[in-house]
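Engineer:
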Amino acid sequence: MGFHAFVDDAREIKEDNPFESMMSRFDHAAQLLKLDPDLYKVLRVPNREITTYIPVYMDDGHIEVFTGFRVQHNFARGPAKGGIRYAPDVTLDEVRALAAWMTWKCAVVNIPFGGAKGGIICDPSQMSLGELERMTRRYTAELIDFIGPERDVPAPDMNTNEQTMAWIMDTYSMHARHTVTAVVTGKPIDLSGSRGRREATGRGLLFVADEAVAKFGLKKSDTRVVIQGSGNVGGTAARLMHETGYRVIALSDIHGGIYNPRGLDIPDVIAHLEKHRSLEKYPGGEPVSNHELLEIECDVLLPAATENQITSQNVDRIRCRILCEGANGPTTAAADDVLERKGVFVIPDILANAGGVTCSYFEWVQDRMGYFWKEDVVNERLQDIMVASFHDVCKYAECHNVNMRIAAYMLAIDRVAYITRTRGIYA
Ligand code: GLU
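If you count by my numbering, then the sequence shown holds residues 46 to 472, one letter each, in order.
(1) With 16 other CB atoms within 10 Å as the buried threshold, where does Q117 fall?
(2) By alpha-carbon positions, which one of A74, E109 and L188 ends up nearest to A161?
(3) Relative to the alpha-carbon of I341, which residue among S237, G371 and P306 has its alpha-carbon at the smallest distance?
(4) Specify, as a first and last residue, the run of the alpha helix (DSSP H) that P312 falls within.
(5) List the DSSP bridge partners of P63.
(6) What residues are listed by DSSP as bridge partners for Q273?
(7) Taking all protein chains shown into account, do 16 or more other C-beta atoms lie within 10 angstroms of the C-beta of N204, making it buried, or fewer, making it exposed?
(8) For G47 and A142, what's the separation of their Cα atoms in angstroms?
(9) For Y217, does the count of other Cβ atoms within 10 angstroms reach 16, so buried, or fall short, so exposed?
(10) Going along the chain, which residues of its own chain have a beta-carbon closer than 6 Å to the beta-carbon of G274, five neighbours each way excluded?
(11) Please name the residue, chosen from N373, T377 and V391, that lies closest to V402 on a Cα-to-Cα basis.
(12) Go through the region 184-208 residue by residue and report every complete run of the beta strand (DSSP E) that reaches 3 residues or more, in order.
(13) Which residues in the same chain as A453 place their Cβ atom closer than 6 Å to its Cβ, once the five residues preceding and following it in sequence are excluded?
(14) Secondary structure at G290, three-state DSSP: helix, strand or coil?
(15) Grab the span of the alpha helix (DSSP H) containing E94 for me, first residue to last.
(16) Does the ligand GLU have even one heavy atom less than 8 Å from the beta-carbon of L251?
(17) Give a yes or no on contact between the region 243-263 and the region 326-343, applying the rule of three or more CB pairs nearer than 8 Å.
(18) Could you work out which residue in P133, M214, L250 and L251 is closest to L236 when comparing CA atoms only?
(19) Please say whether M210 and T230 have beta carbons closer to each other than 9 Å?
(20) Just to confirm, are I192 and R70 a CB contact at a threshold of 9 Å?
(21) What is the residue span of the alpha helix (DSSP H) that Y441 lies within?
(22) Any chance the CB of I418 is under 8 Å from a heavy atom of the ligand GLU?
(23) So for Y463, helix, strand or coil by DSSP?
(24) Quick one: any contact between the region 418-431 and the region 132-151, if contact means 3 or more CB pairs under 8 Å?
(25) Please state if the CB of A125 and the CB of D61 are separated by a distance shorter than 9 Å.
(26) Buried or exposed for S405, please, with buried defined as at least 16 other CB atoms from any protein chain shown within 10 angstroms of its CB.
(27) Is it buried or exposed, I470, if we count other Cβ atoms within 10 angstroms and call 16 or more buried?
(28) Using a Cβ-Cβ cutoff of less than 8 Å, which residues in the same chain neighbour L84 once the five nearest sequence positions on both sides are dropped?
(29) Quick check: the Cα distance between F435 and A442, rounded to an integer number of angstroms?
(30) Would DSSP call R307 helix, strand or coil?
(31) Beta strand (DSSP E) containing V118: first to last residue?
(32) Taking the alpha-carbon positions, what's the I234 to A399 distance?
(33) What separation, rounded to the nearest whole angstrom, lies between the Cα atoms of E94 and D412?
(34) Does Q171 pass the burial test, meaning 16 or more other C-beta atoms within 10 Å, or should it be called exposed?
(35) With DSSP collapsed to three states, give me the class of S170.
(36) Taking the alpha carbon of S357 as the reference point, which residue from A121, D381 and D344 has its own alpha carbon closest?
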């Protein structure tokens, strides 16, 4: 299949390789769409992959060389778009998968972007602010010819934030000799960021969960929600779901989680987390491991941490009605069939967590207009797009008699394929 021909053939294809998870869904959807074999060849590979080695003066004066990637998967619908993550275990295959997911995600919510993703292999928890700044600026300088408001627009992802985006914007602007705000999104509000961007991924999850819960005729106050991850995505989703009347019964951070079947007092939990930097010893719930948390019986399970959390190893023990994917790639392809057999309603990552990039689109539009919207306007437009996209995917799933994940891929691939065919291949 496609994936096998793309990577080094001698390599073993592992379930936990995110590129394999992306590619097997892509192949399945392409087959059902009867995608033209020539277009299949074009869409199954990224447009460009950049690997760059980044020398950085560390605080003690020695030089460390970091490896950074930027994969630009597709430009058919507009500039490439996607975050940059900093983590010790970043791999090129992971960044490849994440870049492709951005292409499909932007197409599912029908915003005029292609897909890209960046990553640097580093351990940000062991680096000072100065080291992070120098690494970010040198990485940006290496990418200077490849990014830009019309080319590729980075954004935050795991372990990067508004400050990181401010450094990228400044470095790019210094080279351009004028301020170019639209080169990145997820900037601080005072530096031409968008109101609502910080919460947008969590808010988008709330909007699609609301639609799914209504579809099942569940009452919010009876809806038990389990959330894995309490960072920008999980933490915001927990807060907003609690505020709107859901019963959030479990929440975790990287060390482990807490569980209270009667419902957690989320503002209190978040205050504890901010004070102690950990959920450990939180008095209002019993401790659970991250694995146990995923297996708690609930109505909505919302993984918002990282890839490969629901796999062939634990999918049998998952007990939720709705799986709302906040992270990118939290479920491996090998677990899809079992979820379907169990009747779990999946709101796939490329739909569920698209609120972040949708608000990034708003930020890019506002930067280019130089005119900034009120938060209510941002949130209302976000809701319009998330709700419409949820129903587009539901309708597609019903019409083609496929599950929600495959429907989302089919819809996205169909949109990108249509534009690719219409633009034609430049020769
Ligand atoms: N990193 C986020 C994602 O995975 C946001 C990307 C963006 O806003 O461009 O969707």
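By construction, the Cβ of each residue, glycine as well, lies at the ideal position given by its N, Cα and C atoms. Keep in mind it's a predicted model, so treat the numbers as computed, not measured.
Structural biologist: In terms of the structure at hand:
(1) buried
(2) L188
(3) Residue P306 is the option with its Cα nearest to I341.
(4) Start and end: I311 to H321.
(5) Beta-bridge partners of P63 (DSSP): none assigned.
(6) P348
(7) buried
(8) Note on G47: pLDDT 44, under 50, position unreliable in the model; the coordinate value appears next. Going by the C-alpha atoms only, they are around 13 Å apart.
(9) buried
(10) A349 and A350
(11) N373
(12) 197-201
(13) V153, P393, I395, L396 and V438
(14) coil
(15) Note, E94: premise wrong, no alpha helix (DSSP H); beta strand (DSSP E) at R93 to Y102.
(16) no
(17) no
(18) Answer by Cα proximity: M214.
(19) yes
(20) no
(21) The continuous alpha helix (DSSP H) containing Y441 extends over residues E420 to H445.
(22) A quick correction: the sequence has Trp, not Ile, at residue 418. Distances between the C-beta of W418 and the heavy atoms of the ligand GLU are all 8 Å or more.
(23) For Y463, the secondary structure class from DSSP, reduced to helix, strand or coil, is helix.
(24) no
(25) no
(26) The residue in question, S405, is buried, as its Cβ has 16 or more Cβ neighbours within 10 Å.
(27) Flag for I470 reads exposed.
(28) A462, T465 and R466
(29) 11 Å
(30) In the displayed model, R307 falls within coil according to three-state DSSP, outside both helix and strand.
(31) Here residue 118 is His; the residue named in the question, Val, does not match the sequence. Its beta strand (DSSP E) spans residues I108 to N119.
(32) In a straight line, the C-alpha of I234 is about 20 Å away from that of A399.
(33) 27 Å
(34) exposed
(35) helix
(36) D381
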